[in-house]
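Protein chains in written order, with my numbering: chain P, 2 to 175; chain L, 2 to 175.
There are 2 protein chains.
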Amino acid sequence: METPKIKNTDNLPPFAAGARVRYNKNQKMTKQRTETKMELLANCLEKRGLKSTKQRHYIADTFFRSNTHISLEELHKKVKRKSPRAGYATVYRTMKLLTECGLAIERQFGDGQTRFENVPEDGHHDHLICLKCSEIVEFQNETIEQLQDKTATELGFNVVRHKLELYGYCKNCK
Amino acid sequence: METPKIKNTDNLPPFAAGARVRYNKNQKMTKQRTETKMELLANCLEKRGLKSTKQRHYIADTFFRSNTHISLEELHKKVKRKSPRAGYATVYRTMKLLTECGLAIERQFGDGQTRFENVPEDGHHDHLICLKCSEIVEFQNETIEQLQDKTATELGFNVVRHKLELYGYCKNCK
DNA sequence: TTGCTAAATGATATCGACTTTCAATTTCAT
DNA sequence: ATGAAATTGAAAGTCGATATCATTTAGCAA
Ligand SMILES: [Mn+2]
Ligand SMILES: [Mn+2]
Ligand SMILES: [Zn+2]
Ligand SMILES: [Zn+2]
């Protein structure tokens with residue numbers, strides 16, 4: 002039997018590859034960054050006494066080159082194009098590893114799927130999500146961030162992370 | 002066999018009954034509001050051609066009297082004190098109904114559990130969540146709301162709802 | 001190179017939080 | 001009271017995430 006784990010493989014995903022608005026203005030930058038990240042990963046593996054394997058390389062490389070908020074299912078599909086025998090579990094484990102290494106960010110946009118994105122070189126951002134076409138647009142707003150901290154401080158909290166998601170309709174869908 | 006659905010019933014829940022900071026200053030208000038809500042529910046049921054049942058009454062009443070962000074499991078446990086044969090599925094269906102009627106809000110704070118809270122009479126609020134003791138503090142910040150809308154508008158979005166959660170350590174836990 | 005040993009892999013099983021199904025029960029308009 | 005339609009509770013199903021385990025592989029050492 003084929004992997005019965007993944008069901009809704011071919012109906013369009015709830016949050017398909019959303020266009021990003023800030024990154025990867027040109028391919029050169031992406032390429033360079035990917036190489037750097039592979040080195041960072043190599044360091045991280047060595048530091049932990051982990052082995053450098055073909056699968057990890059394929060999966061990380063595929064992820065680093067993706068500029069979307071990608072689900073495990075989507076990533077697994079991509080990886081299998083180059084490495085058809087790669088298992089879903091290995092993709093899962095590798096993305097967990099990349100997250101621990103600080104090379105991936107786990108996101109949860111409210112559909113049932115965990116998504117991963119590359120760590121942005123220009124700092125934290127939040128997300129706008131179109132309820133119709135699932136486009137995801139990223140934004141940074143320092144004023145909001147400051148107000149969040151101020152509010153938290155007033156209530157006696159130390160904020161270590163936050164989640165700000167704006168759901169609505171994009172230019173094309175409103 | 003007992004319901005095998007609910008597993009982690011007795012180890013402390015990841016987001017236990019968090020103290021609220023804004024509501025239910027006195028019990029009178031809660032009581033009055035609960036009665037009003039029961040009427041609203043009755044209207045909603047009638048409008049939909051649904052029946053008024055003992056279970057719905059118990060569940061809604063228990064929920065309206067709770068002033069926490071309560072999970073189905075927690076609510077089910079409470080309901081069973083008065084109505085021991087009440088099933089989890091009925092609690093689930095009733096909370097779905099209350100949500101559709103605009104009498105409950107579904108929340109997702111990042112642990113695997115969906116939580117429900119009463120609709121506040123003083124409008125929308127967002128949440129601070131303690132990563133250690135799971136206290137949940139509510140806040141309102143109109144400036145942040147406006148900045149969200151402004152940001153979205155600049156990027157061509159119409160926001161219909163949003164999610165803002167600040168995770169950190171509360172007064173007692175920092 | 002060749003073994004050796006620990007780590008990694010991939011198929012499969014399991015978990016857990018819902019969500020649906022269905023036979024038995026209850027509501028409520030006649 | 002009666003009967004059609006809705007509701008209930010137990011159980012089964014769903015589905016993404018995670019664990020298990022036999023087999024394979026990486027990397028070190030002889
Ligand atoms: Mn992003
Ligand atoms: Mn709240
Ligand atoms: Zn759109
Ligand atoms: Zn705390």
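The beta-carbon is built from N, C-alpha and C at its ideal position, and this holds for glycine as well.
Using the Cα positions of residue i and residue j, report the straight-line distance between them to the nearest angstrom.
| i | j | result |
| --- | --- | --- |
| Glu47 of chain P | Cys102 of chain P | 12 Å |
| Leu73 of chain L | Tyr93 of chain P | 29 Å |
| Lys26 of chain P | Asn68 of chain P | At Lys26 of chain P the pLDDT is 36, less than 50, meaning the model places this residue with poor confidence and gives no usable figure here. |
| Gly169 of chain P | Leu51 of chain P | 43 Å |
| Leu148 of chain P | Asp112 of chain L | 25 Å |
| Glu40 of chain P | Leu104 of chain P | 11 Å |
| Ala90 of chain L | Lys97 of chain L | 10 Å |
| Ser53 of chain P | Phe117 of chain P | 21 Å |
| Leu165 of chain P | Thr63 of chain L | 31 Å |
| Cys45 of chain L | Thr95 of chain L | 12 Å |
| Pro85 of chain L | Val138 of chain L | 32 Å |
| Leu156 of chain P | Gly124 of chain P | 26 Å |
| Glu75 of chain L | Asp127 of chain P | 32 Å |
| Arg49 of chain L | Glu143 of chain P | 46 Å |
| Leu132 of chain L | Gln114 of chain P | 23 Å |
| Ile145 of chain L | Glu146 of chain P | 9 Å |
| Val161 of chain L | His70 of chain P | 22 Å |
With respect to 6 Å, is the separation between the Cβ of residue i and the closest non-hydrogen atom of ligand 1 below this value?
| i | result |
| --- | --- |
| Glu139 of chain L | no |
In chain P, what lies closer than 7 Å to residue i by C-beta?
| i | result |
| --- | --- |
| Leu167 of chain L | Gln149, Ala153, Phe158, Val160, His163 |
| Lys1 of chain L | Given a span of 2 to 175 for chain L in the structure shown, any question on residue 1 of chain L remains unanswerable. |
| Leu129 of chain L | Ala153, Leu156, Phe158 |
Along chain P, in chain order, which residues have C-beta atoms closer than 9 Å to that of residue i?
| i | result |
| --- | --- |
| Gly111 of chain L | Gln109, Lys164 |
| Phe140 of chain L | Thr152, Ala153, Glu155, Leu156 |
Ignore the nearest five residues each way along the sequence and tell me which others in residue i's own chain have a CB closer than 7 Å to its CB.
| i | result |
| --- | --- |
| Lys172 of chain L | none |
Sorted by chain position, which residues of the same chain lie with C-beta nearer than 8 Å to residue i's C-beta, five sequence neighbours on each side aside?
| i | result |
| --- | --- |
| Ala87 of chain P | Gln56, Tyr59, Ile60, His77, Val80, Lys81 |
| Asn159 of chain L | Ala153 |
Can you pull the chain P residues whose beta carbon is under 8 Å from the beta carbon of residue i, in chain order?
| i | result |
| --- | --- |
| Thr144 of chain L | Leu148 |
Whose Cβ in chain L lies nearer than 8 Å to the Cβ of residue i?
| i | result |
| --- | --- |
| Leu132 of chain P | Val161 |
Beta-carbon within less than 6 Å of residue i's beta-carbon, same chain only, minus the 5 sequence neighbours each way: which residues are those?
| i | result |
| --- | --- |
| Cys134 of chain P | Cys174 |
| Lys83 of chain L | Tyr59 |
| Thr100 of chain P | Glu107 |
| Leu167 of chain P | Leu129 |
| Arg23 of chain P | The predicted position of Arg23 of chain P is uncertain, since its pLDDT is 48 and thus under 50; a value taken from the coordinates is nonetheless stated next. Within the same chain, Arg23 of chain P has close Cβ partners Glu139. |
Would you say the beta carbon of residue i comes nearer than 6 Å to a heavy atom of ligand 6?
| i | result |
| --- | --- |
| Glu122 of chain L | What this structure holds is ligand 1, ligand 2, ligand 3 and ligand 4, not ligand 6. |
Mind listing the chain L neighbours of residue i? Cutoff is C-beta to C-beta under 9 Å, in chain order.
| i | result |
| --- | --- |
| Lys175 of chain P | Gly157, Phe158, Asn159 |
Any chance the CB of residue i is under 6 Å from a heavy atom of ligand 2?
| i | result |
| --- | --- |
| Glu166 of chain L | no |
| Glu107 of chain L | no |
| Glu118 of chain L | yes |
Which residue wins for smallest C-alpha separation from residue i, given the options the options?
| i | options | result |
| --- | --- | --- |
| Gln109 of chain P | P:Leu129, P:Lys151, P:Thr144, P:Ala43 | P:Leu129 |
| Leu42 of chain L | L:Tyr89, L:Thr144, L:Ile145, L:Asn119 | L:Asn119 |
| His163 of chain L | L:Glu155, L:Asp150, L:Pro85, L:Thr115 | L:Asp150 |
| Glu122 of chain P | P:Thr115, P:Arg49, P:Leu132, P:Gln141 | P:Gln141 |
For ligand 4, I want to know if residue i counts as a neighbour, meaning its beta carbon is within less than 6 Å of at least one of the ligand's heavy atoms.
| i | result |
| --- | --- |
| Lys175 of chain P | no |
| Lys38 of chain L | no |
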